[in-house]
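Heads up: the structure comes next, in structure tokens.
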Amino acid sequence: MDLPASALRPGPAGDGPGAAMTLTLGGDHQGAGEPLVDPAGPPTDLRQATAGKAECVG
-13 MDLPASALRP
-3 GPAGDGPGAA
7 MTLTLGGDHQ
17 GAGEPLVDPA
27 GPPTDLRQAT
37 AGKAECVG
């Protein structure tokens, strides 16, 4: 997300992996960064494979 180092702080000790994170933006945060845009099409180097019994295990 290209956020500054001050953006995330550890939660209380003992919280499990499913505990919610708190995002705290510090004074060095300048903005949200680059906006997300939909691509015009698939990448030109995209490889496609059709799975079959010869390619799949199980």
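Number 44 marks the last residue of the sequence shown (our numbering); no jumps. Here a beta-carbon is modelled for each residue, glycine too, at the ideal position from N, C-alpha and C. Quantities reported herein were computed from a predicted structural model and do not represent experimental measurements.
Looking only at C-alpha atoms, which of the options sits nearest to residue i?
i	options	result
residue 7	-1, 30, 13	-1
Under 8 Å by Cβ, that's how I've got residue i and residue j pegged, so tell me the actual separation to the nearest angstrom.
i	j	result
residue -8	residue 12	3 Å
residue 14	residue -10	5 Å
Which same chain residues end up closer than 7 Å to residue i when comparing Cβ atoms and leaving out the 5 residues on each side of it in sequence?
i	result
residue 34	none
residue 37	none
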